[in-house]
DNA sequence: AGACCCGGTAAAGGTTGGGTAAACCGTTTT
DNA sequence: AAAACGGTTTACCCAACCTTTACCGGGTCT
């Protein structure tokens, strides 16, 4: 399934039918969509923390531009806004962009295009969100990991990891010696919440362990905390500490 | 911790509204922002010692390029300049870089993105690591590249590269042994963000590899990091190094 | 002990990112 | 105007990768 990690969108549009339609399409894609059918309501709802706002330019009570302006003034500076407008009106576009819209979609648009843009914007905003998270170098208990080179080593031997495995390892190492519950790990590594019967993360951990062990047979750093999650452990793996 | 140590920015842009908006959210981020609403004023104010200058390409009295040129002539060669350009204008980008802009941001940009880039530039300039451009001669792992002659060689053999291919190679080589994510590469080489279903950069990489290999069959320096981007690798490509 | 739950993992299945040829298109050159 | 050139888009394909399924074993609860 094309899970969108439960991204939460807000649609501000007076057209009720269109709203229903979009809702359906976007929910098929795994987004959650709230709707506001007039500017005032939209502004109110925009206080909440959405991942993206879809804003129609033409509405009866107030124009999309006014709405946008107010939303931006209300400290919702960071939420991406995608403006929907009736005609390929260049003026609209320029105006919208200068007021801080992040993208602009002229009607008529295909659902496919809408979805593509929504995804693109969300991806972009999430990338921007982690500015400092870029350069990480971790070196714990014989395992090294470096985000800039996207490489990992166990006792000096290069680990050929997939991106997901890399993220799993990174997440666990950042929280070294602390338990990371399965849901958080899933979220961090796969970008979505864990679902019923979802064994995906277990598989990745399994594969990760396998790869580490193929290269450093004595290193057993990833410990299972039954019923909770996993933990990257520092201590020599002294099988079980009795105490 | 979001304190930006009172970095002082100058925005040169004729659009008053946009200026206000930018001012607001950059100040939220802890920057101080002065504004100039035309080229002449901008040049005058740029005499002062700002940490960074934001410069709009399109202004009524004179183009951003002229402004940039004059600022650079006036000994303000060290202040980083971030150019704000209209969407995906290739000419703008090339011209800007040749005149010594340090980065450029195509509209539409998210506020997040702007802030991220401003921070990145300031950080970079404080480390006094100039990012791109200037007279660069690179020689890494059997491949040579020289911006002043705009020529590149692989194991001594001249590579006939297009401008874009050259830029791609340059970008990757500057960041040798580090992953360059697709979006950054796109931005650096093509001057615009990557869009949904945008395969352009892949094609350039593909062509570049082809040209290198035509001349030096053993050199496989450009590595793909699936789901992330590309990396120029130093090490002998020796597929997998064992033990 | 029996029933249940959770996690390990092999194998199968499904999805997708990226390589690349070729068509397309706007510019520049001849 | 034709040809050349370079960038972009389209389309197809495959291997890499992620997810699901299924089975198993050990731990835990009653």
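Chains as they are written, first to last, in the working numbering: chain A, 2 to 244; chain B, 2 to 244. Note that the Cβ used here is the ideal one computed from N, Cα and C, for glycine as well.
Residue i and residue j closer than 7 Å at C-beta
i, j, result
"residue 177(B)", "residue 235(B)", "yes"
"residue 151(A)", "residue 58(B)", "no"
"residue 165(B)", "residue 190(B)", "yes"
"residue 60(A)", "residue 15(A)", "yes"
"residue 32(A)", "residue 12(A)", "no"
"residue 160(A)", "residue 108(A)", "no"
"residue 137(A)", "residue 155(A)", "no"
"residue 158(A)", "residue 206(A)", "no"
"residue 122(A)", "residue 53(A)", "yes"
"residue 129(A)", "residue 113(B)", "yes"
"residue 142(B)", "residue 222(B)", "yes"
"residue 186(A)", "residue 202(A)", "yes"
"residue 1(B)", "residue 78(A)", "Here chain B comprises residues numbered 2 to 244, so residue 1(B) is not present and cannot be evaluated."
"residue 68(A)", "residue 101(A)", "no"
"residue 183(A)", "residue 230(A)", "yes"
"residue 24(B)", "residue 37(B)", "no"
"residue 196(B)", "residue 116(B)", "no"
Cutoff 7 Å: residue i Cβ touching any chain B Cβ
i, result
"residue 78(A)", "yes"
"residue 129(A)", "yes"
"residue 8(A)", "no"
"residue 233(A)", "no"
"residue 151(A)", "yes"
"residue 81(A)", "yes"
"residue 121(A)", "yes"
"residue 126(A)", "yes"
"residue 147(A)", "no"
Assigned secondary structure, residue i (DSSP; H/G/I helix, E/B strand, else coil)
i, result
"residue 1(B)", "Residue 1(B) falls outside the range modelled here, since chain B spans only 2 to 244, and no answer is possible."
"residue 220(A)", "coil"
"residue 49(B)", "coil"
"residue 230(B)", "strand"
"residue 239(B)", "Confidence at residue 239(B) is low in this model, with a pLDDT of 41, below 50, so the placement of that residue should be treated as unreliable; the coordinate-derived value is given next. Reduced to three states, the DSSP call for residue 239(B) is coil."
"residue 24(B)", "helix"
"residue 103(B)", "coil"
"residue 212(B)", "helix"
"residue 120(B)", "helix"
"residue 244(B)", "Per-residue confidence for residue 244(B) stands at a pLDDT of 32, beneath the threshold of 50, marking its modelled position as unreliable; no derived number is given."
"residue 292(B)", "Chain B is shown only over 2 to 244; residue 292(B) falls outside these bounds and no answer can be derived."
"residue 197(A)", "coil"
"residue 42(A)", "helix"
"residue 9(A)", "strand"
"residue 70(B)", "helix"
"residue 18(B)", "helix"
Proximity test, Cβ basis, 7 Å: residue i and chain A
i, result
"residue 226(B)", "yes"
"residue 30(B)", "no"
"residue 158(B)", "no"
"residue 58(B)", "no"
"residue 117(B)", "yes"
"residue 22(B)", "yes"
"residue 51(B)", "no"
"residue 33(B)", "no"
**Report entry** Interface residues of the region 201-230 of chain A facing chain B [CB-CB below 8 Å]
**Finding:** Within the region 201-230 of chain A, contact with chain B at the beta-carbon level (separation under 8 Å) is assigned to no residue.
Report task. Compile a chain-ordered list of the residues in the region 99-115 of chain B whose CB is closer than 7 Å to at least one CB of chain A. Result -> Answer set for the region 99-115 of chain B: 108, 109, 111, 112, 113, 114.
Query - Secondary structure, alpha helix (DSSP H): runs of 4+ residues fully inside the region 123-191 of chain B - result: Within the region 123-191 of chain B, the complete alpha helix (DSSP H) runs of at least 4 residues are 164-175, 183-191.
Report task. Identify each residue in the region 179-196 of chain B for which the Cβ-Cβ distance to at least one residue of chain A is less than 9 Å, and report them in chain order. Result -> With the criterion set as a beta carbon lying under 9 Å from some beta carbon of chain A, the members of the region 179-196 of chain B are 179, 180, 182, 184, 194, 195, 196, in sequence order.
Requested in this report: Taking a Cβ distance cut-off of 8 Å, strictly less, list which residues of the region 159-176 of chain A are near chain B, in chain order.
Outcome: Correct list: 159, 161, 163, 164.
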